[in-house]
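Participant: Protein chains in written order, with our numbering: chain A, 7 to 190; chain B, 7 to 190.
Even for Gly, the Cβ is constructed at its ideal location relative to N, Cα and C.
Here the structure is a predicted model, which is why all the values come from computation and not from measurement.
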DNA sequence: GGTTGACATGTCACTCCTTACATGTCACCT
DNA sequence: AGGTGACATGTAAGGAGTGACATGTCAACC
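In structure tokens:
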């Protein structure tokens, strides 16, 4: 089993917090939460749930209306999740189109580079607004004292900091490009 | 052509800066530079170079010793790279194991969560040291006034900021977990 | 009764990426 | 002459991920 695991883990975590759920519900919740850190569509989720069931990490309860299958986490599944969190040092393999653009941007003329950097800043700004709205909604509704009250909260905080970092970086890089082209 | 493109673009950029190079040389340079933002092994690079040649983005010069093929960027290749940088808004699809761990960490007991967060901080620290050494080496050697002097420099700066951000986040999150478990 | 649209689950084809395997060249050492 | 090891280029098998397609249920509305 040298596979990536991450989708499995994400689903185990989500199912732990949600309690027994159907694939459809999981896919919807996934989209609104875990997808910020690990993307997957229903066409990947349904087969993975089936495989996880076959591997004993999940159990299928009664099938509800419209053929809904209700999954829940087995003890093996809990153990798998715990083990991954405690023992697995995450692989650092990056693959970010934004970072690639930032890498290559010096290949452009200064004014073009500034345009690209400004676009990056704008989209970071939009992303930041989205994340801060999410946090505001959390603070208004969620019960942070509950058993899983902080589920996703640290990741949200991290995302906000990283996005702010991108904005600051873009500002400084724009200034740097302009300084260099001014004195050239 | 709804493909990802990113590997193509990375190779075009690297080849633009390196000047005509063999696949082997590109793979080595790739590993030391672009791989920080987009990973790929030689088994992916060789076929991609062949495809890019077939698509007219690259041209093969004389074959050197030991069957070396010397690739160079064609005008079509330059245009492709420019177009991607100027017109392509990078997809925001995240997929980070670190972020996934940060997402799920509240599922653990407080002391376990602290352990995981400390590990994340340590590895961020190591990564930061690596990046700062890279920057020091750049500053000692590189000629930032040269045509491509800043190639990769903005990405390196971004990486350093992001990694510092992770460390700060880890510190604050550890403090938060400890505060919550103390008052619970 | 029929249409619409949200609910619900899946498959298929294709691209992307990783690991391991396979092949052959050339310089240098003994 | 033979061995070693860096150089150099590839292929193959399989897992991961994407987008489009396919199928069927059920409630509500007209």
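Residue 127 of chain A and residue 177 of chain A look like a contact to me (Cβ under 8 Å); what is the Cβ gap, rounded to whole Å?
Facilitator: That pair is a contact at about 7 Å.
Participant: Please work out which residues of its chain come closer than 6 Å, Cβ to Cβ, to residue 123 of chain A, disregarding the five sequence neighbours upstream and downstream, and give them in chain order.
Facilitator: The answer, listed in chain order, is 176, 179, 180.
Participant: When you compare only the Cα positions, how much space is there between residue 46 of chain A and residue 25 of chain A?
Facilitator: So the alpha carbons of these two residues sit roughly 20 Å apart.
Participant: Taking C-beta pairs closer than 8 Å, name the residues in chain A that residue 157 of chain B reaches, listed in chain order.
Facilitator: Here the neighbours are 109, 110, 112, 113.
Participant: Could you spell out the range, first to last residue, of the alpha helix (DSSP H) harbouring residue 138 of chain B?
Facilitator: Looking at the DSSP string, the run of the alpha helix (DSSP H) that includes residue 138 of chain B is 116-147.
Participant: Counting only beta-carbon separations shorter than 8 Å, does residue 81 of chain B have a partner in chain A?
Facilitator: No, residue 81 of chain B does not count as interfacial toward chain A.
Participant: Any Cβ of chain A within less than 8 Å of the Cβ of residue 2 of chain B?
Facilitator: No statement about residue 2 of chain B is possible, as the shown extent of chain B runs from 7 to 190 and does not include it.
Participant: Between residue 116 of chain B and the rest of its own chain, which residues show a CB-CB distance below 6 Å, the 5 nearest in sequence each way excluded?
Facilitator: Closer than 6 Å at Cβ, skipping near neighbours: 183, 187.
Participant: Quick one, are the C-beta atoms of residue 255 of chain A and residue 154 of chain B less than 8 Å apart?
Facilitator: Residue 255 of chain A lies beyond the residue range present for chain A, which begins at 7 and ends at 190; the question has no answer from this structure.
Participant: Along the chain, which unbroken stretches of the beta strand (DSSP E) at least 3 residues long are found entirely within the segment 30-93 of chain A?
Facilitator: Qualifying beta strand (DSSP E) stretches, in chain order: 64-69, 75-79.
Participant: Is the segment 137-147 of chain B touching the segment 13-22 of chain B, taking contact as three or more C-beta pairs under 8 Å?
Facilitator: No, because fewer than three Cβ pairs between the segment 137-147 of chain B and the segment 13-22 of chain B fall closer than 8 Å, the two stretches do not touch.
Participant: Hey, is residue 63 of chain B's beta-carbon within less than 8 Å of any beta-carbon in chain A?
Facilitator: Not closer than 8 Å to any Cβ of chain A, the Cβ of residue 63 of chain B fails to qualify, so no.
Participant: Are the beta-carbon atoms of residue 39 of chain B and residue 70 of chain B separated by less than 8 Å?
Facilitator: No. Outside cutoff.
Participant: How should residue 91 of chain A be labelled, buried or exposed, when 16 other C-beta atoms within 10 angstroms of its C-beta is the threshold for buried?
Facilitator: That one is buried.
Participant: Does chain B have any CB closer than 8 Å to the CB of residue 16 of chain A?
Facilitator: Closer than 8 Å to some Cβ of chain B, the Cβ of residue 16 of chain A qualifies, so yes.
Participant: Starting from residue 110 of chain B, trace the alpha helix (DSSP H) in both directions and tell me its first and last residue.
Facilitator: From DSSP, the alpha helix (DSSP H) with residue 110 of chain B extends over 103-110.
Participant: So residue 171 of chain A and residue 131 of chain B are in contact, right, with Cβ under 8 Å, and what is the actual spacing, rounded?
Facilitator: Rounded, the Cβ-Cβ distance is 17 Å, inconsistent with contact.
Participant: Which class does residue 28 of chain A belong to by DSSP, given the choice of helix, strand or coil?
Facilitator: Residue 28 of chain A falls in the strand class under three-state DSSP.
Participant: Is it buried or exposed for residue 150 of chain B, if we count other Cβ within 10 angstroms and need 16 for buried?
Facilitator: Under this definition residue 150 of chain B is an exposed residue.
Participant: One question on the structure: do residue 152 of chain B and residue 42 of chain B come within less than 8 Å of each other, judged by their Cβ atoms?
Facilitator: Contact flag unset, no.
Participant: Between B:185, B:111, B:76, which has its C-alpha nearest residue 94 of chain A's C-alpha?
Facilitator: The residue with the shortest Cα to Cα distance from residue 94 of chain A is B:111.
Participant: Go ahead and pull the three-state DSSP assignment for residue 167 of chain B.
Facilitator: The answer is helix: DSSP assigns residue 167 of chain B an H, G or I state.
Participant: From residue 173 of chain A to residue 119 of chain A, what distance separates their C-alpha atoms?
Facilitator: Going by the C-alpha atoms only, they are around 15 Å apart.
Participant: Quick check on this structure: which residue in A:72, A:134, A:86 has the alpha carbon closest to the alpha carbon of residue 208 of chain A?
Facilitator: In this structure chain A extends from 7 to 190, so residue 208 of chain A is not present and cannot be described.
Participant: Could you give the C-beta distance for residue 68 of chain A and residue 80 of chain A, rounded to a whole number, given that I count them as a contact under 8 Å?
Facilitator: Their Cβ separation, rounded to whole angstroms, is 16 Å, which puts residue 68 of chain A and residue 80 of chain A out of contact at 8 Å.
Participant: Check whether the Cβ of residue 96 of chain A lies closer than 8 Å to any Cβ atom in chain B.
Facilitator: At least one chain B Cβ lies under 8 Å of residue 96 of chain A.
Participant: By DSSP, does residue 154 of chain B sit in helix, in strand, or in coil?
Facilitator: Of the three classes helix, strand and coil, the one that applies to residue 154 of chain B here is coil, per DSSP.
Participant: For residue 152 of chain B, would you say it is in contact with chain A, using Cβ-to-Cβ distances shorter than 8 Å as the test?
Facilitator: No, because no Cβ of chain A sits closer than 8 Å to the Cβ of residue 152 of chain B.
Participant: I'd like to know if residue 140 of chain A contacts chain B, where contact means its C-beta is closer than 8 Å to some C-beta of that chain.
Facilitator: Answer no: the Cβ-Cβ gap between residue 140 of chain A and chain B never drops below 8 Å.
Participant: Residue 161 of chain A versus chain B: which residues are under 7 Å apart at the beta carbon?
Facilitator: Within 7 Å Cβ-Cβ: 105, 108, 109.
Participant: Note down the Cα distance separating residue 97 of chain B from residue 103 of chain A, rounded to an integer number of angstroms.
Facilitator: Roughly 7 Å between the two C-alpha positions.
Participant: Verify whether the separation of the beta carbon atoms of residue 78 of chain B and residue 21 of chain B is less than 8 Å.
Facilitator: Contact flag set, yes.
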